[in-house]
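Enquirer: Pasting a structure here, questions to come.
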Amino acid sequence: MIARKVKNKIMIGLIGLLAIVSAAPLFAIIASIYVNGARIISPRFLVDFPPPPLGGSDGGIGPALVGTLILMALSILIGGGLGLFTGIFLSEYGHHILSHYTRLSLQIMVEFPTVIIGLFAYAVLVLPLRSFNAFAGAFALAIVIIPYVALQVREAYASIPYSLKEAAYSLGVSPFVVNLRILLSVARRGVATALLVGLARAAGETAPLLFTILGTTLSYFEGLDKPIGAVPLLIYNFALSPYERWHEVAWGAAAVLLTIILALFIVTRSLVKEVKL
Amino acid sequence: MRSERKFFMFLLVFPIISFIIVAGIIFSLIYTSFPIFLKEGLRFIVTAVWNPPKEDYGILHAIVGTLITSGLAVGIATPLAISLAVFSIELVPTKLRDVINSLSDLMASLPTVIYGLWGLYVFAPLLHQYVMLPLHEYLGFIPLFSTKPSPTNLFTAGTLLAIMVIPFSSSVIREAYEAVPQGLKEAAYSIGMTQWEVIKVMTGYIKSAIFAGVILALGRAMGETIAVAMVVGNTPTLPKSLFDMGYTVSSLIANQFPNAESYDYMVAALFGGAFLLFLIGLAINILGLRLVRKVVTQR
């Protein structure tokens, strides 16, 4: 009996210990990003050009930051739109045979390693145009976020009470109005959550951008058919460079990126909480 | 009725777009990688050479690297993920549970390049100093630990991947655990089981969900590119121990693509690697689903 109690204590303690071990890296990561990033971050860091590898001033990540904002906007416009309507289809025609295959293809899309999606965008938008371009990057990011948005929108629509749907349809207006005006406004929090999750993914993904946007850091936006910079790609390239100074810029950029992600995460959380009430 | 039909036709466009994208991706993988399979045949998969000047490509080393790092990741992550899920449900007050779940979700949504940056400059040196060097020193006679480690290698990549995939499997396990009928727990306690014994019963009950979490984590770990490319060492040789620098398929693609266009067959070779990665992922998913079904029907 005592042996069992002792064993119980030990195993419960072990579970607690392992749980703490698995959550600890999060705090370590956030702390080290902000501690290391703080050394270089200033308002100018957000608008300046990156420094030369040796000598010169501290510099910044202006072009990459603008690039990331543009890519976020474009990819949420494309991927968010496609995901939204796909989600509505899944909710409205859930029993249709096509819904089954749509869910299957979304499942496959989620499972695709994002680097493969980058290769695809390279094959269809970079090779034919013979130039790395911003649109290819946004296209790749859009594919990454479609399944996330679609599945969450489906849930948001599915959670609308049936009586409310019936009432909306009984108004005698077209299904376009019912789904895209009335039900959309009922499910707006769920839909907003879906889009924010998509936006966070678009902000942080690196692999789909490797072969699509080239990641120029030396000029601001020049057009969708031209290369563009992005913060995650800059972090990747600068962190792997041999220059101490570029490592510092990478830490600063990571702090900026982490702030964007945290902000989106907190807004998303607060939306979810209010839905529950 | 008419507008109903119109609405359906309008919405129909979007699922079709998603079919086209999925089909397009698979087609482009096959189409672009075709030359390398014609040129190298099976040697592309069973040899480990990466010699662009001679246009000689075999990616066995990268496949092995992918299997080692993702296997290691899942091996480390699974007990941790189960503990995290059980801990948040059984061992802390409800308020704290929400906090832990939020933190876990946040871990899942951190950009991988941030894990990579931290992994390269903070985690790898620590792991090198306090885990890998001692392991090599005292257990170096075991082939797994026989290479003198540098900070970035397969072991580092696998461990970093473990940290990254914990929240994914943990959330699957958490949901299943919460869905276990309360009666089971009450029954277990009522016959005098200790808390640990109850937890054993409960986790036994959700075996298939735990397995599903493992499969999900495995898929994530195999596809992960950026963080791995930053800490795996990027060396095209067949690894002999966990402490060897190596490649995974996805980090090979990320690392080699910038020079790929200078060679005749490298783009095809990298797409070929991506195609194999897709096939392995698909196989594991299908196999995983089978096994889950088997476990469920046996109950």
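Here the protein sequences line up with chains A and B, keeping their order.
At position 234 of the first sequence (counting the first as 1) the number is 234 in this note's numbering, and the numbers step up by one without a gap.
Start counting at 1 in the second sequence, then tack on 1000, and there's your number in this note's numbering.
Note that beta-carbon positions come from the ideal geometry of N, C-alpha and C, so glycine has one too.
Quick caveat: nothing in here was measured; it's all calculated off a predicted structure.
With burial defined as no fewer than 16 other Cβ atoms inside 10 Å of the residue's Cβ, what is the status of residue 277 (chain A): buried or exposed?
Expert: Reliability fails at residue 277 (chain A), whose pLDDT of 39 lies under 50, so the model's placement of it is uncertain and the value that follows must be treated cautiously. Residue 277 (chain A) comes out exposed.
Enquirer: Check whether the Cβ of residue 163 (chain A) lies closer than 8 Å to any Cβ atom in chain B.
Expert: Closer than 8 Å: no.
Enquirer: Looking at residue 230 (chain A): is its Cβ nearer than 8 Å to the Cβ of residue 71 (chain A)?
Expert: Contact: yes.
Enquirer: Go through its chain and collect everything with a Cβ distance to residue 1012 (chain B)'s Cβ below 8 Å, but skip five positions before and after it.
Expert: For residue 1012 (chain B), where only same-chain residues beyond five positions count, there are no Cβ hits under 8 Å.
Enquirer: Flag residue 109 (chain A) as yes if its beta-carbon sits less than 8 Å from any beta-carbon of chain B, otherwise no.
Expert: Judged by the 8 Å Cβ criterion, residue 109 (chain A) is in contact with chain B.
Enquirer: Provide the residue span of the beta strand (DSSP E) that contains residue 1056 (chain B), from first to last.
Expert: It spans 1056–1059 - the beta strand (DSSP E) in which residue 1056 (chain B) sits, taken as one unbroken run.
Enquirer: Along chain B, in chain order, which residues have C-beta atoms closer than 9 Å to that of residue 187 (chain A)?
Expert: Those do not exist, as residue 187 (chain A) stays about 16 Å from chain B at its closest Cβ, beyond 9 Å.
Enquirer: Candidates B:1162, B:1048, B:1058: which alpha carbon is nearest residue 1036 (chain B)'s?
Expert: For residue 1036 (chain B), the nearest C-alpha among the options comes from B:1058.
Enquirer: What is the DSSP secondary structure of residue 1048 (chain B), reduced to helix, strand or coil?
Expert: Three-state result, residue 1048 (chain B): strand.
Enquirer: Measure the alpha-carbon distance for residue 1231 (chain B) versus residue 1051 (chain B) and round it to whole angstroms.
Expert: For residue 1231 (chain B) and residue 1051 (chain B), the distance between alpha carbons rounds to 22 Å.
Enquirer: What are the boundary residues of the alpha helix (DSSP H) that residue 100 (chain A) is part of?
Expert: Here the alpha helix (DSSP H) through residue 100 (chain A) covers 97–111.
Enquirer: Do the stretch 111–121 of chain A and the stretch 165–175 of chain A meet, that is, are 3 or more Cβ pairs less than 8 Å apart?
Expert: No: the two stretches stay apart, fewer than three of their Cβ pairs being nearer than 8 Å.
Enquirer: If you draw a straight line from the alpha carbon of residue 1299 (chain B) to that of residue 1065 (chain B), how long is it in whole angstroms?
Expert: Because residue 1299 (chain B) carries a pLDDT of 46, less than 50, the predicted location of this residue cannot be relied on, and no value is offered for it.
Enquirer: Return no unless some Cβ of chain B is closer than 8 Å to the Cβ of residue 190 (chain A).
Expert: For residue 190 (chain A), the answer is no, since every Cβ of chain B falls outside 8 Å of its Cβ.
Enquirer: Measuring CB atoms only, is the stretch 1218–1233 of chain B touching the stretch 28–40 of chain A, in the sense that at least three cross pairs come out at less than 8 Å?
Expert: In short, these stretches do not touch, since the Cβ pair count stays below three.
Enquirer: So, with DSSP's three-state summary, where would you put residue 1288 (chain B)?
Expert: In the structure shown, residue 1288 (chain B) sits in a helix (DSSP, three-state: H, G or I).
Enquirer: For the pair the stretch 116–127 of chain A and the stretch 135–149 of chain A, tell me if three or more CB-CB distances fall below 8 Å.
Expert: Judged by Cβ distances under 8 Å, the stretch 116–127 of chain A makes contact with the stretch 135–149 of chain A, as three or more pairs qualify.
Enquirer: Mind listing the chain B neighbours of residue 207 (chain A)? Cutoff is C-beta to C-beta under 7 Å, in chain order.
Expert: Neighbours of residue 207 (chain A) on chain B, chain order: 1225, 1226, 1254.
Enquirer: Are the CB atoms of residue 1086 (chain B) and residue 1248 (chain B) nearer to each other than 8 Å?
Expert: Result no, Cβ atoms of residue 1086 (chain B) and residue 1248 (chain B) do not sit closer than 8 Å.
Enquirer: Per DSSP, residue 228 (chain A) is paired with what?
Expert: Partner(s): A:214.
Enquirer: Give me whichever residues DSSP pairs with residue 1246 (chain B) in a beta bridge.
Expert: Beta-bridge pairing links residue 1246 (chain B) to B:1233.
Enquirer: Going by other Cβ atoms of all chains shown within 10 Å of its Cβ, with 16 needed for buried, is residue 1262 (chain B) buried or exposed?
Expert: Residue 1262 (chain B) should be labelled exposed.
Enquirer: Between residue 65 (chain A) and the rest of its own chain, which residues show a CB-CB distance below 7 Å, the 5 nearest in sequence each way excluded?
Expert: Cβ neighbours of residue 65 (chain A) beyond the five flanking positions: 46, 231, 256.
Enquirer: Once DSSP output is grouped into helix, strand and coil, what is the label at residue 1098 (chain B)?
Expert: Residue state, collapsed to three classes: helix.
Enquirer: Could you tell me whether the Cβ atoms of residue 68 (chain A) and residue 250 (chain A) are closer together than 8 Å?
Expert: No.
Enquirer: For the ligand FMN, is there a heavy atom less than 7 Å away from the beta-carbon of residue 85 (chain A)?
Expert: Although the ligand FMN was asked about, the structure shown includes no ligands whatsoever.
Enquirer: Taking only beta-carbon atoms, is residue 76 (chain A) less than 8 Å away from chain B?
Expert: For residue 76 (chain A), the answer is no, since every Cβ of chain B falls outside 8 Å of its Cβ.
Enquirer: Pick helix, strand or coil for residue 133 (chain A), following the three-state DSSP scheme.
Expert: Here residue 133 (chain A) sits in coil by DSSP.
Enquirer: Could you name the residues of chain B that residue 92 (chain A) contacts, counting a contact when the two beta carbons are closer than 9 Å?
Expert: In chain order: 1007, 1008, 1011.
Enquirer: Reducing DSSP to helix, strand and coil, say where residue 966 (chain B) ends up.
Expert: Nothing in the structure corresponds to residue 966 (chain B), since chain B is present only between 1001 and 1299.
Enquirer: Spatial neighbours of residue 271 (chain A) within its chain, please: CB distance less than 7 Å, with the 5 preceding and 5 following residues excluded, ordered by chain position.
Expert: For residue 271 (chain A), where only same-chain residues beyond five positions count, the Cβ hits under 7 Å are 189, 192, 193.
Enquirer: If you draw a straight line from the alpha carbon of residue 1029 (chain B) to that of residue 1271 (chain B), how long is it in whole angstroms?
Expert: Each residue's Cα considered, the two are about 6 Å apart.
Enquirer: Which runs of the alpha helix (DSSP H) at least 4 residues long sit entirely within the stretch 1171–1229 of chain B? Give them in chain order.
Expert: The qualifying runs are 1182–1190, 1195–1205, 1207–1223.
Enquirer: Identify the contact partners of residue 243 (chain A) in chain B, using a Cβ-Cβ distance below 7 Å as the criterion.
Expert: Correct list: empty, because the minimum Cβ distance to chain B is about 14 Å.
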